[in-house]
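Heads up: the structure comes next, in structure tokens.
Number of protein chains: 2
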Amino acid sequence: MQIGELARTTSTKVETIRFYEKIGLLPEPGRTAGNYRDYGAAHLARLSFIRRARDLGFTLDQVRELLALSDDRSRSCTAVDSVARAHLAQIDQKIADLRALRRELDELIGQCSQGAISDCRIIEALGPPSNARH
Amino acid sequence: MQIGELARTTSTKVETIRFYEKIGLLPEPGRTAGNYRDYGAAHLARLSFIRRARDLGFTLDQVRELLALSDDRSRSCTAVDSVARAHLAQIDQKIADLRALRRELDELIGQCSQGAISDCRIIEALGPPSNARH
DNA sequence: CTTGACCCTATAGTTGCTACAGGCTGCATA
DNA sequence: TATGCAGCCTGTAGCAACTATAGGGTCAAG
Ligand SMILES: [Zn+2]
Ligand SMILES: [Zn+2]
Ligand SMILES: [Zn+2]
Ligand SMILES: [Zn+2]
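Protein chains in written order, with numbering that gives the first Met the number 0: chain L, 0 to 133; chain B, 0 to 133.
Take a look at the structure:
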């Protein structure tokens, strides 16, 4: 299997696959006589793993960790669980942050009366803290 | 006012201020005899604006746009409003994406039985799509 | 024998900073 | 006066996680 087919199969760009190889996430495949990369089932499985984990928002470092753990079939999976839970906590934090931001912004937009810039509450609120906001 | 004081006043790192100057977001200030940057009230106001907009999650391009608009005091602020509303829509999209992700991940974690890696549902779910998920 | 799709390497760009390295300036203290 | 040290200067490289060129080589079909 050459890189283009692997790319199509995993919905990954060719450049991304080469990038994963360069950073040591995907093992180097063999080469054909014409120096083309030649992938097998193991590569497909590993890249699928990476893509799924990335889709779930794990960082490349977390993916690396999960891959290392998954290679150690006999160990307990508490470590896997804790990586996943840590990631969940990060997501919760991000959601909370975005919600707070959304509230702020929504409030600001609600005050804009669509008049002149000089009267715009949005612009005013962004300016220096001369008068208190909220 | 020299750069360190401006940095402290606006809770911005010195390097960030120089960075904003380099990308043309903050106008170049005058210099002292010793070649130190010398800021005034206008710079403070502009940097405050930038910081607030950034805190609200606007990109630097959006900030640039808002700054340009805010300089044109007589115009209608519908353009400002539309920048802000576009940003709000982006935030809503991000929140929705994160929530979907969170649901997926939570479901996955709930299935982990804390046994051996080889039985771990998290690892399994990350693997190639041999059997359907969901 | 040429076209065109595919592959190769290497390097630079993206966003929004942050962190050096190596060198001035300016003020207080011994 | 010397010297120390905080603060400033420029310029460049690094972070995540790719993406996009440039400038070539390979391979099968027509
Ligand atoms: Zn508010
Ligand atoms: Zn307005
Ligand atoms: Zn699910
Ligand atoms: Zn498990």
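Beta carbons: idealized from backbone N, C-alpha and C, even for Gly.
7 Å CB neighbourhood of residue i in its chain, flanking five on each side removed
i, result
"B:Ala115", "none"
"L:Ala78", "Leu68"
Ligand 4 heavy atom lying under 8 Å from the CB of residue i
i, result
"B:Asp105", "no"
"L:Asp70", "no"
"B:Ile22", "no"
"B:Gln113", "yes"
"L:Asp80", "yes"
Neighbourhood of residue i by C-beta distance below 8 Å, restricted to the same chain and skipping five residues each side
i, result
"B:Asp118", "Ser112"
"B:Ser10", "Arg50"
"B:Asn34", "none"
"B:Asn130", "At B:Asn130, the pLDDT of 48 sits below 50, so the modelled position is not reliable; the number obtained from the coordinates is stated separately. Cβ neighbours of B:Asn130 beyond the five flanking positions: none."
"L:Arg45", "Leu25, Pro26 and Leu66"
"L:Arg74", "Leu68"
"B:Thr53", "A small correction: the amino acid at residue 53 of chain B is Arg; Thr does not occupy that position in the sequence shown. Closer than 8 Å at Cβ, skipping near neighbours: Leu59 and Val62."
Within chain L, the residues that residue i reaches when beta carbons sit closer than 7 Å
i, result
"B:Thr77", "Gln113"
heavy atom of ligand 2 below 8 Å from residue i C-beta
i, result
"L:Asp118", "yes"
"B:Gly3", "no"
"B:Asp37", "no"
"L:Ile121", "yes"
"B:Cys76", "yes"
Contacts of residue i in chain B (Cβ-Cβ under 8 Å)
i, result
"L:Arg53", "Those within 8 Å of L:Arg53 in chain B number zero; the least Cβ separation is about 10 Å."
"L:Ile108", "Asp80, Ala83, Arg84 and Leu87"
"L:Glu103", "Leu55"
Chain-ordered chain L contacts of residue i [CB-CB under 8 Å]
i, result
"B:Arg72", "Ala115, Ile116 and Ser117"
"B:Pro28", "Those within 8 Å of B:Pro28 in chain L number zero; the least Cβ separation is about 16 Å."
"B:Asp91", "Arg101"
"B:Ile94", "Ile94, Leu97, Arg98 and Arg101"
Contacts of residue i in chain B (Cβ-Cβ under 9 Å)
i, result
"L:Ser47", "Leu125, Gly126, Pro127 and Pro128"
Own chain, CB closer than 6 Å to residue i, minus 5 neighbours either side, in chain order
i, result
"B:Arg120", "Gln110 and Cys111"
"B:Gly29", "Asp37"
"B:Asp91", "none"
"B:Gln1", "Tyr35"
Within chain B, the residues that residue i reaches when beta carbons sit closer than 7 Å
i, result
"L:Ser69", "Ile116 and Ile122"
Neighbouring residues, chain L, relative to residue i (Cβ below 9 Å)
i, result
"B:Leu43", "Pro127"
"B:Leu65", "Ile121, Ile122 and Leu125"
Query - Start-end ranges of the alpha helix (DSSP H) lying completely within the region 5 to 48 of chain L, minimum 4 residues - result: 13 to 21
**Report entry** Three-pair Cβ contact test at 8 Å for the region 85 to 98 of chain B versus the region 7 to 21 of chain L
**Finding:** no
Query - Any 3 or more C-beta pairs closer than 8 Å across the region 55 to 71 of chain B and the region 23 to 43 of chain B - result: yes
Query raised in the report: For the region 80 to 110 of chain B, which segments carrying the beta strand (DSSP E) assignment without a break, of at least 3 residues, lie completely within its bounds, in sequence order?
Result: Listed in chain order, there is nothing to give.
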